[in-house]
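Asker: Heads up: the sequence shown begins at 11 in our numbering, then just goes up one per residue. Here a beta-carbon is modelled for each residue, glycine too, at the ideal position from N, C-alpha and C.
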Amino acid sequence: MPSRHALASRLQPRSLLVALLLGGLLGAAGTSQAQSLPGTPSEHRLQVQARSELSVAPDMATLEARLWERTPSVARDGSERADPGALAKARDRLESRTGELIRRLESQGIDSAAISAGSLIVRPDYIQQPGDNGEPGQALVRTQLERPISLRIDDLARLPAILDALTQAGVDALDGVTYDLKDRDAATDKALSQALDKARRKARLMAKALDIGLGQVIQIEETGAPRYSPQMMSMRSDAMESKAAPEYRPGEITLDASVSVAWEIEP
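(1) Between Ala267 and Val66, what straight-line distance do the alpha-carbon atoms span, to the nearest angstrom?
(2) Output needed for Trp78: all residues of its chain with C-beta closer than 6 Å, excluding positions within five of it in sequence on either side, in chain order.
(3) Helix, strand or coil for Gln118? Go by DSSP, reduced to three states.
(4) Count the other C-beta atoms from every protein chain shown that fall within 10 angstroms of the C-beta of Arg246, then say buried if there are 16 or more, exposed otherwise.
(5) Touching or not, the segment 190-202 and the segment 141-150, by the rule of three or more beta carbon pairs under 8 Å?
(6) Nearest-angstrom Cα distance between Gly33 and Ala235?
(7) I'd like to know if the segment 168-180 and the segment 125-137 are in contact, where contact means that at least 3 CB-CB pairs between them fall below 8 Å.
(8) In whole angstroms, what is the alpha-carbon distance linking Gly225 and Ala209?
(9) Taking only three categories from DSSP, how would you classify Ala75?
(10) Please classify Ser126: does DSSP put it in a helix, a strand, or coil?
(11) Quick check on Arg210: does DSSP put it in helix, strand or coil?
(12) Where does Glu145 fall in DSSP's three states?
(13) Among Pro94, Val58 and Asp185, which one has its Cα closest to the Cα of Arg80?
(14) Between Leu115 and Ala60, what straight-line distance do the alpha-carbon atoms span, to the nearest angstrom?
(15) Measure the C-alpha to C-alpha separation of Ile222 and Glu274 and round it to an integer number of angstroms.
(16) Would you kindly work out how many angstroms separate the C-alpha atoms of Gln178 and Asp164, rounded to a whole number?
(17) Using the C-alpha atoms, what's the distance from Thr188 back to Glu63?
(18) Taking only the alpha-carbon atoms, compute the straight-line gap between Leu56 and Ala272 and give it to the nearest angstrom.
(19) Once DSSP output is grouped into helix, strand and coil, what is the label at Gln45?
(20) In the structure shown, what three-state DSSP assignment does Ile163 receive?
(21) Any idea what DSSP makes of Thr198, helix, strand or coil?
(22) Residues bridged to Ala60 by DSSP?
(23) Using the beta-carbon count (16 or more within 10 Å), is Ile230 buried or exposed?
(24) Give me the DSSP bridge partner(s) of Pro134.
(25) How would you label Leu161, buried or exposed, when you count the other beta carbons within 10 angstroms and need 16 or more for buried?
See the structure below:
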């Protein structure tokens, strides 16, 4: 029967081999993990930042307008309540005007799906009468009923005719015309692509001036997402009643994008 010392001497080389194999595998795994860690700093890199600005003509607009009717004013003494009969008459007038406006817009070729008539809004409207010798006069209150109208315009050439229709329908306020883009994603993609092209040109120029070689791209970051500011126009009812022919110039929508790109410097 082999002695205990003989058995130990037989097992030692095998245990040593297993230990070496395990150590090699762990070392290889550790090396692989270290190489695959994202964001590992590089001492030899060229990093460039670039910003691009793109101007695009708008091809659509959204128009916001309001119609309102008011009840007769009454003294504001803390106990006043709106007359139900006066409220009903004001609402009937408002609904009639809203229907007429929608029909006028449809006669201008506006799709009914592009016209949105908002919910009825009822609110008090307080009036301070002027008094004698600069003193405040009697305080009055009336009820104002409003219907907001939102309109999407896909053909900007028809905007003057649409505003004429609003004027003829007696719209009380034009809260704003916002110019926009039908395909906003395509414009923002183009602005981002231009920023990346600009970063590449800058990197090549710098590499040539410094007499270095550019390797592969090792980092790309969008430092400023493409953004834009829609053009707006607003007009009140008194301005729309002016006999001067208005001009509508939407101008251009400006988009800008910013990127940061890093390249390896070839040894």
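Answerer: So, from the listed chains and residues:
(1) Start at 1 with the first residue of the sequence shown, and residue 267 comes out as number 257. Start at 1 with the first residue of the sequence shown, and residue 66 comes out as number 56. C-alpha separation (whole angstroms): 14 Å.
(2) Position 68 of the sequence shown, counted from the first residue, corresponds to residue 78. Result list for Trp78: Gln154, Glu156 and Asp182, in chain order.
(3) Within the sequence shown, residue 118 is the residue found at index 108, counting from 1. In the three-state reduction of the DSSP assignment, Gln118 falls in the coil class, being assigned neither a helical nor a strand state.
(4) Here residue 246 refers to the residue found at position 236 when the sequence shown is read from its first residue. Because Arg246 sits at a pLDDT of 46, beneath the cut-off of 50, its placement in the model cannot be relied upon, and the following sentence gives the value as read from the coordinates. Its Cβ having fewer than 16 others within 10 Å, Arg246 is exposed.
(5) no
(6) If you number the sequence shown from 1, residue 33 lands on position 23. If you number the sequence shown from 1, residue 235 lands on position 225. Annotation note: pLDDT 41 at Gly33 (below 50); position unreliable, no value reported.
(7) no
(8) For the purposes of this step, residue 225 is identified with residue 215 of the sequence shown, where counting begins at 1. For the purposes of this step, residue 209 is identified with residue 199 of the sequence shown, where counting begins at 1. Answer to the nearest angstrom: the Cα atoms are 15 Å apart.
(9) On the sequence shown, residue 75 is found 65 positions in, with the first residue counted as 1. Three-state result, Ala75: strand.
(10) Here residue 126 corresponds to residue number 116 of the sequence shown, with the count starting at 1. Residue state, collapsed to three classes: strand.
(11) If you number the sequence shown from 1, residue 210 lands on position 200. If DSSP states are grouped into helix, strand and coil, Arg210 belongs with the helices.
(12) Stepping through the sequence shown from its first residue, residue 145 is reached at position 135. DSSP places Glu145 in coil when its eight states are reduced to three.
(13) Indexing the sequence shown from 1 puts residue 80 at position 70. Comparing Cα-Cα distances from Arg80 to each of Pro94, Val58 and Asp185, the minimum goes to Pro94.
(14) For the purposes of this step, residue 115 is identified with residue 105 of the sequence shown, where counting begins at 1. For the purposes of this step, residue 60 is identified with residue 50 of the sequence shown, where counting begins at 1. Looking at the two C-alpha atoms, the distance is approximately 46 Å.
(15) The residue labelled residue 222 in the question sits at position 212 within the sequence shown. The residue labelled residue 274 in the question sits at position 264 within the sequence shown. Each residue's Cα considered, the two are about 10 Å apart.
(16) In the sequence shown, residue 178 corresponds to position 168, counting from 1. In the sequence shown, residue 164 corresponds to position 154, counting from 1. Rounded to whole angstroms, Gln178 to Asp164 spans 22 Å at the Cα level.
(17) Taking the first residue of the sequence shown as 1, we reach residue 63 at position 53. Taking the first residue of the sequence shown as 1, we reach residue 188 at position 178. Each residue's alpha carbon lies about 21 Å from the other.
(18) Residue numbering aside, residue 56 sits at position 46 when the sequence shown is read from its first letter. Residue numbering aside, residue 272 sits at position 262 when the sequence shown is read from its first letter. Going by the C-alpha atoms only, they are around 5 Å apart.
(19) As a working note, residue 45 is residue 35 in the sequence shown. Confidence at Gln45 is low in this model, with a pLDDT of 31, below 50, so its placement is unreliable and the value that follows should be read with caution. Secondary structure at Gln45: helix, using DSSP grouped into helix, strand and coil.
(20) As a first step, residue 163 must be located in the sequence shown, where it is residue number 153. Three-state DSSP puts Ile163 in a strand.
(21) Against the sequence shown, residue 198 aligns to sequence position 188. DSSP places Thr198 in helix when its eight states are reduced to three.
(22) For the purposes of this step, residue 60 is identified with residue 50 of the sequence shown, where counting begins at 1. In DSSP, Ala60 forms a bridge with Val269.
(23) On the sequence shown, residue 230 is found 220 positions in, with the first residue counted as 1. Ile230 is exposed by the Cβ-count criterion.
(24) Residue numbering aside, residue 134 sits at position 124 when the sequence shown is read from its first letter. Paired residues: Thr153.
(25) By one-based count along the sequence shown, residue 161 stands at place 151. Answer is buried; the Cβ neighbour count reaches 16.
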